[in-house]
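Just so you know, the working numbering puts 72 at position 86 of the sequence shown, and the rest follows in order with no gaps. Here the structure comes first, spelled out in structure tokens, and everything after it is commentary.
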Amino acid sequence: MTLASSWRTKHQRLNLTGEVCPHCGVKLFPPRDVCPHCQGPAKTEFHFKGTGQVYSYSTLYNAPAGFAYAAPYVVALVKLDEGPLVTAQLTDIDPEQVSIGMLVEMVTRKTYQDGDDGLIMYNYKFRPILARAYA
Ligand SMILES: [Zn+2]
-13 MTLASSWRTK HQRLNLTGEV CPHCGVKLFP PRDVCPHCQG PAKTEFHFKG TGQVYSYSTL
47 YNAPAGFAYA APYVVALVKL DEGPLVTAQL TDIDPEQVSI GMLVEMVTRK TYQDGDDGLI
107 MYNYKFRPIL ARAYA
């Protein structure tokens, strides 16, 4: 990701801002301005709570350049409480302990550093939350 695109998508990435379709009520993430459900224009901002559960996941042992410090790590498909599926890295958990259906919440973490004094990227990740938080 370039610095320019990083800046452009910062609001969306750090606040989990998507859209809600005014016609059928479907929630969209990432925002795409056209509802995939009813094809109507959907430009109303919607802020997701950032909580959901692990829908599927895979553990990556060979990280691409720039991510080696984090390997092994888990990339999961998280089903947000509001419905959409988002792909994100899991954090604060041993890869062995990840399971389908695990409750997770969004946190903002450093995801990439380009050298010692290079560009530092921040993005959302998800970490486990205790079941009692829902009780
Ligand atoms: Zn719609």
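C-beta atoms are modelled at their ideal positions from N, C-alpha and C, and glycine is treated no differently.
- For the segment 15 to 99, the full-length beta strand (DSSP E) segments reaching 3 residues or more read 30 to 33, 37 to 46, 59 to 66, 71 to 76 and 89 to 99 along the chain.
- With a cutoff of 6 Å, VAL12 counts as near ligand 1, since its C-beta is closer than that to a heavy atom of the ligand.
- In this model, LEU66 and THR73 are separated by some 10 Å (Cα to Cα).
- The C-beta of CYS21 has 16 or more other C-beta atoms within 10 Å across all chains shown, which makes the residue buried.
- For VAL6, the uninterrupted beta strand (DSSP E) segment begins and ends at 3 to 6.
- Ranked by how close their Cα comes to the Cα of GLU5, the residues HIS23, LYS29 and GLN25 have LYS29 in first place.
- About 5 Å separates the CB atoms of LEU89 and ILE115; that is less than 8 Å, so the two are in contact.
- Using a Cβ distance threshold of 7 Å, PHE34 and GLU82 do not count as a contacting pair.
- By the Cβ neighbour-count rule, GLY38 is buried, with 16 or more other Cβ atoms within 10 Å of its own.
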